[in-house]
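What follows is a short report on a single structure.
Number of protein chains: 2
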Amino acid sequence: MADASCPVPFSTYERVVLAHGGGGRVMHRLIDELFLAAFGADPLRAQHDGAVIEVSGLLAVTTDAFTVRPLVFPGGDIGSLAVHGTVNDLVCCGATPTQMTVSFILEEGLALERLRAIVGSMAAAAREVGLTIVAGDTKVVERGKGDGVFISATGLGRVITPGPLSPSRVRPGDAVLVTGPVGDHGVAVMLEREGLSVDTVGDFVSDAASCLPQLRALLDAGVDLRCLRDPTRGGLATVLNEIARAAEVGVHLDDAAVPVRAEVRDACELLGLDPLYVACEGRLVVFVPEPDAPAALAALRATPGSEGAARVGAVTREHAGLVMAASSFGTTRVLDLLSGEQLPRIC
Amino acid sequence: MADASCPVPFSTYERVVLAHGGGGRVMHRLIDELFLAAFGADPLRAQHDGAVIEVSGLLAVTTDAFTVRPLVFPGGDIGSLAVHGTVNDLVCCGATPTQMTVSFILEEGLALERLRAIVGSMAAAAREVGLTIVAGDTKVVERGKGDGVFISATGLGRVITPGPLSPSRVRPGDAVLVTGPVGDHGVAVMLEREGLSVDTVGDFVSDAASCLPQLRALLDAGVDLRCLRDPTRGGLATVLNEIARAAEVGVHLDDAAVPVRAEVRDACELLGLDPLYVACEGRLVVFVPEPDAPAALAALRATPGSEGAARVGAVTREHAGLVMAASSFGTTRVLDLLSGEQLPRIC
Numbered sequence: 135m136a137d138a139s140c141p142v143p144f145s146t147y148e149r150v151v152l153a154h155g156g157g158g159r160v161m162h163r164l165i166d167e168l169f170l171a172a173f174g175a176d177p178l179r180a181q182h183d184g185a186v187i188e189v190s191g192l193l194a195v196t197t198d199a200f201t202v203r204p205l206v207f208p209g210g211d212i213g214s215l216a217v218h219g220t221v222n223d224l225v226c227c228g229a230t231p232t233q234m235t236v237s238f239i240l241e242e243g244l245a246l247e248r249l250r251a252i253v254g255s256m257a258a259a260a261r262e263v264g265l266t267i268v269a270g271d272t273k274v275v276e277r278g279k280g281d282g283v284f285i286s287a288t289g290l291g292r293v294i295t296p297g298p299l300s301p302s303r304v305r306p307g308d309a310v311l312v313t314g315p316v317g318d319h320g321v322a323v324m325l326e327r328e329g330l331s332v333d334t335v336g337d338f339v340s341d342a343a344s345c346l347p348q349l350r351a352l353l354d355a356g357v358d359l360r361c362l363r364d365p366t367r368g369g370l371a372t373v374l375n376e377i378a379r380a381a382e383v384g385v386h387l388d389d390a391a392v393p394v395r396a397e398v399r400d401a402c403e404l405l406g407l408d409p410l411y412v413a414c415e416g417r418l419v420v421f422v423p424e425p426d427a428p429a430a431l432a433a434l435r436a437t438p439g440s441e442g443a444a445r446v447g448a449v450t451r452e453h454a455g456l457v458m459a460a461s462s463f464g465t466t467r468v469l470d471l472l473s474g475e476q477l478p479r480i481c
Numbered sequence: 135m136a137d138a139s140c141p142v143p144f145s146t147y148e149r150v151v152l153a154h155g156g157g158g159r160v161m162h163r164l165i166d167e168l169f170l171a172a173f174g175a176d177p178l179r180a181q182h183d184g185a186v187i188e189v190s191g192l193l194a195v196t197t198d199a200f201t202v203r204p205l206v207f208p209g210g211d212i213g214s215l216a217v218h219g220t221v222n223d224l225v226c227c228g229a230t231p232t233q234m235t236v237s238f239i240l241e242e243g244l245a246l247e248r249l250r251a252i253v254g255s256m257a258a259a260a261r262e263v264g265l266t267i268v269a270g271d272t273k274v275v276e277r278g279k280g281d282g283v284f285i286s287a288t289g290l291g292r293v294i295t296p297g298p299l300s301p302s303r304v305r306p307g308d309a310v311l312v313t314g315p316v317g318d319h320g321v322a323v324m325l326e327r328e329g330l331s332v333d334t335v336g337d338f339v340s341d342a343a344s345c346l347p348q349l350r351a352l353l354d355a356g357v358d359l360r361c362l363r364d365p366t367r368g369g370l371a372t373v374l375n376e377i378a379r380a381a382e383v384g385v386h387l388d389d390a391a392v393p394v395r396a397e398v399r400d401a402c403e404l405l406g407l408d409p410l411y412v413a414c415e416g417r418l419v420v421f422v423p424e425p426d427a428p429a430a431l432a433a434l435r436a437t438p439g440s441e442g443a444a445r446v447g448a449v450t451r452e453h454a455g456l457v458m459a460a461s462s463f464g465t466t467r468v469l470d471l472l473s474g475e476q477l478p479r480i481c
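These protein sequences, in sequence, are chains U and B.
Residue numbers for the first sequence, in my numbering: 135 to 481.
Residue numbers for the second sequence, in my numbering: 135 to 481.
So this is what it looks like as structure tokens:
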């Protein structure tokens with residue numbers, strides 16, 4: 135438990151016990167010395183049943199549970215992932231993140247140092263985008279009734295796009311862009327989970343990151359955004375299917391134009407995965423009117439982290455509700471929703 | 135799976151499988167046929183990454199995870215409890231509930247009929263208070279990595295009190311009221327969990343309910359509310375300790391004045407519990423200036439469900455940070471925070 139940055143040992147316990155969720159002295163100490171020390175927002179310090187914030191205008195609200203396994207992976211952990219995932223859902227609503235609430239479901243026996251590291255990386259990711267954690271909750275379940283830590287997060291954000299973004303705004307003729315190579319997050323988590331050595335298969339880091347800079351760059355470039363979606367569970371192919379159904383349009387995808395890093399492609403082959411269905415946690419799928427596509431691409435490519443942005447397809451009137459993928463051999467196939475998933479517990 | 139109220143079987147599965155959280159066809163079907171069918175709010179139907187709502191003024195924000203065991207208990211289930219708990223935290227912020235987000239962490243193997251019942255009672259409890267469920271998420275974890283279903287809920291509400299409610303507003307001389315007998319929720323859940331027969335120990339029903347009528351009654355009566363708190367985990371004694379610490383005041387509790395139903399007192403004796411520390415899920419602790427106490431009590435007692443409201447103590451300048459309980463024998467003791475808890479997973 136020795137740590138120069140933490141002068142006071144934050145608990146006499148080394149592991150989570152049921153009492154940490156019990157409402158008594160042990161829980162109050164955990165909240166004071168771990169959560170408040172890391173998050174330190176005034177509304178939290180008031181230690182009331184909730185926060186009161188002043189708002190006006192359009193408020194975006196998103197929520198997600200995070201159950202990623204393992205808890206720590208190359209490029210992040212469940213704490214930073216919960217913030218990035220929340221931020222990116224707000225970004226997809228055209229919003230800049232403002233406040234966040236977070237609840238933890240801890241399994242008895244979790245090492246408190248592990249929890250402190252997760253909470254620390256959560257706090258750091260929140261600070262990075264100016265997000266204040268205004269309310270929280272902690273529950274503890276018995277050993278074998280949870281899996282280390284689950285995090286549920288709700289994000290609030292101020293809408294900064296001129297109009298609402300929504301699948302229903304997508305129109306035939308729109309261009310489809312991605313903000314960078316796909317599949318890095320899923321592959322990095324999967325290899326870490328399976329304990330596959332980096333030496334054997336290459337060097338993999340999750341793409342998990344905030345996409346707020348990308349939203350800002352697109353707005354600064356004056357692009358008319360139709361819809362944004364982050365391709366998490368189910369990857370790019372699933373997001374395109376969701377949009378095709380919701381907007382009642384077809385989507386034409388140019389297989390060869392989809393950026394996939396060579397290492398990721400190789401690892402997917404090794405693992406028997408299709409990279410089009412592998413989760414990203416730091417990418418956006420961007421729908422813009424065709425005339426705005428060059429400006430959108432240029433703005434993205436000038437944004438750190440999105441140098442690899444690419445145009446990958448177009449929205450069509452034909453094949454409403456379907457995604458048609460064209461291979462470099464000239465063949466076309468329906469890129470359907472999978473029944474289940476390739477990768478459980480990726481986020 | 136036959137149910138006259140559900141003409142379409144909502145899934146070809148009878149139990150939750152990992153694919154229900156996988157982002158693919160099976161998950162979409164669960165969302166469409168179970169969650170949207172029950173919650174049916176327009177923002178949810180848009181099936182975007184979040185909702186956009188128009189707001190202005192003071193917004194209350196609360197969050198909680200619910201891990202109660204068993205999932206169903208006399209008087210409610212984890213679904214209705216998640217709504218009542220969220221509503222009551224908003225009420226404690228002086229707010230009327232408006233929107234809610236909810237995320238589910240499901241364990242592989244959970245019966246879908248069980249889930250449908252939980253979601254149904256959640257929807258009913260939300261309708262009762264005019265709460266719209268605007269965003270949600272579902273994750274599935276492997277068998278043995280969860281416990282049926284965990285729910286995390288975040289509530290948004292419009293502040294309707296003239297000023298903010300907060301522990302820091304509590305003053306020496308204030309009266310302390312409770313809105314009804316304490317301990318019913320904890321005892322009902324505990325007896326159900328332990329499988330103790332109702333015939334043996336009496337008839338127990340959780341008090342879980344929305345406390346919005348009580349807030350409205352107090353405001354209609356023109357009472358100057360200092361602070362409201364719902365005595366959930368750790369019960370009345372814990373809430374009084376939290377307020378005493380946060381407001382840097384003492385609290386004098388009159389043991390004999392605390393309403394506890396005789397059956398609850400008997401069951402607590404049987405289970406070795408102190409009812410002052412047993413959770414309620416439909417009660418408020420109310421702090422008002424002494425001159426307002428009679429009007430507050432009268433308003434509460436005229437509100438269905440709070441006929442048993444009582445004045446239980448007063449705020450003192452002495453013993454700052456402590457709760458002093460006076461017994462009917464004239465003795466006084468410090469009513470301290472417990473170290474851990476009497477009852478794990480009560481909410």
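All C-beta atoms in this analysis are idealised placements derived from N, C-alpha and C, irrespective of residue type, glycine included.
Since the structure is predicted, the reported quantities are computational estimates derived from the model, not experimental observations.
- No Cβ of chain U is located within less than 9 Å of the beta carbon of glutamine 348 of chain B.
- Of the candidates U:Leu407, U:Thr272 and U:Ser300, U:Ser300 places its Cα closest to the Cα of alanine 180 of chain B.
- Under the three-state reduction of DSSP, glutamine 348 of chain B is assigned to helix.
- The beta carbon of alanine 257 of chain U does not come within 9 Å of any beta carbon belonging to chain B, so the residue lies off that interface.
- Threonine 266 of chain B has its alpha-carbon roughly 31 Å from the corresponding atom of leucine 456 of chain U.
- C-alpha of alanine 381 of chain B to C-alpha of serine 302 of chain B: approximately 5 Å in a straight line.
- Histidine 182 of chain U belongs to the set of residues whose beta carbon lies under 9 Å from a beta carbon in chain B.
- Taking a C-beta cut-off of 9 Å against chain B, the contacting residues of the segment 142–174 of chain U are Val151, Leu152, Ala153, His154, Gly155, Gly156, Gly157, Gly158, Arg159, Val160, Met161 and His162, listed in chain order.
- In the DSSP assignment, glutamate 262 of chain B falls within the alpha helix (DSSP H) that extends over 246–262.
- Look at the segment 415–430 of chain B: it has no residue with a C-beta under 9 Å from a C-beta of chain U.
- DSSP places phenylalanine 169 of chain B within a helical segment (H, G or I) once states are collapsed to three.
- For the set U:Ala199, U:Val412 and U:Arg417, the Cα lying nearest the Cα of threonine 272 of chain B is the one of U:Ala199.
- When the beta-carbon positions are compared, valine 275 of chain U and glutamate 242 of chain U come within less than 9 Å of each other.
- Rounded to whole angstroms, the gap between the alpha carbons of threonine 437 of chain B and arginine 292 of chain B is 22 Å.
- Under the 9 Å criterion on CB atoms, aspartate 223 of chain U is classed as interfacial with respect to chain B.
- Rounded to whole angstroms, alanine 194 of chain U and proline 298 of chain U show a C-alpha spacing of 10 Å.
- The C-alpha of leucine 170 of chain B lies about 7 Å from the C-alpha of leucine 178 of chain B.
- If you look at threonine 372 of chain B, you'll find it in the alpha helix (DSSP H) that goes 369–381.
- Closest option to alanine 351 of chain B, judged by alpha-carbon separation, among B:Leu168, B:Leu434 and B:Ala245: B:Leu434.
- Counting along the chain, cysteine 481 of chain U sits inside no alpha helix (DSSP H), nor does DSSP assign it H or E at all.
- Under the 9 Å criterion on CB atoms, cysteine 345 of chain U is classed as non-interfacial with respect to chain B.
- Residues of chain U with a Cβ closer than 9 Å to the Cβ of phenylalanine 284 of chain B are, in chain order, Ala199, Ile239, Lys273, Val275, Gly280, Phe284 and Ser286.
- Under the Cβ distance rule, alanine 454 of chain U does not count among the residues neighbouring chain B, no pair being separated by less than 9 Å.
- Boundaries of the beta strand (DSSP E) harbouring proline 231 of chain B: 229–241, taken from the DSSP string.
- The Cβ atoms of valine 422 of chain U and proline 315 of chain U lie no closer than 9 Å to each other.
- Secondary structure of serine 190 of chain B (DSSP, three-state): strand.
- Aspartate 400 of chain U and aspartate 176 of chain B have their C-alpha atoms some 42 Å from each other.
- If you draw a straight line from the Cα of aspartate 211 of chain U to the Cα of leucine 410 of chain U, it is about 23 Å long.
- Taking a beta-carbon distance threshold of 9 Å, leucine 193 of chain U counts as an interface residue toward chain B.
- Collapsing the DSSP output to three states places serine 214 of chain U in a helix.
- Threonine 232 of chain B has its alpha-carbon roughly 7 Å from the corresponding atom of glycine 264 of chain B.
- As DSSP reads the structure, lysine 279 of chain B sits in no beta bridge.
- DSSP places arginine 395 of chain U outside any alpha helix (DSSP H), giving it a letter other than H or E.
- Within a 10 Å sphere around the beta-carbon of alanine 390 of chain B sit fewer than 16 other beta-carbons, which makes this residue exposed.
- Three or more beta-carbon pairs separated by less than 8 Å link the segment 462–476 of chain U to the segment 158–167 of chain B, which places the two stretches in contact.
- Distances from the alpha-carbon of glycine 280 of chain U to those of U:Ile239, U:Met256 and U:Gly329 put U:Ile239 closest.
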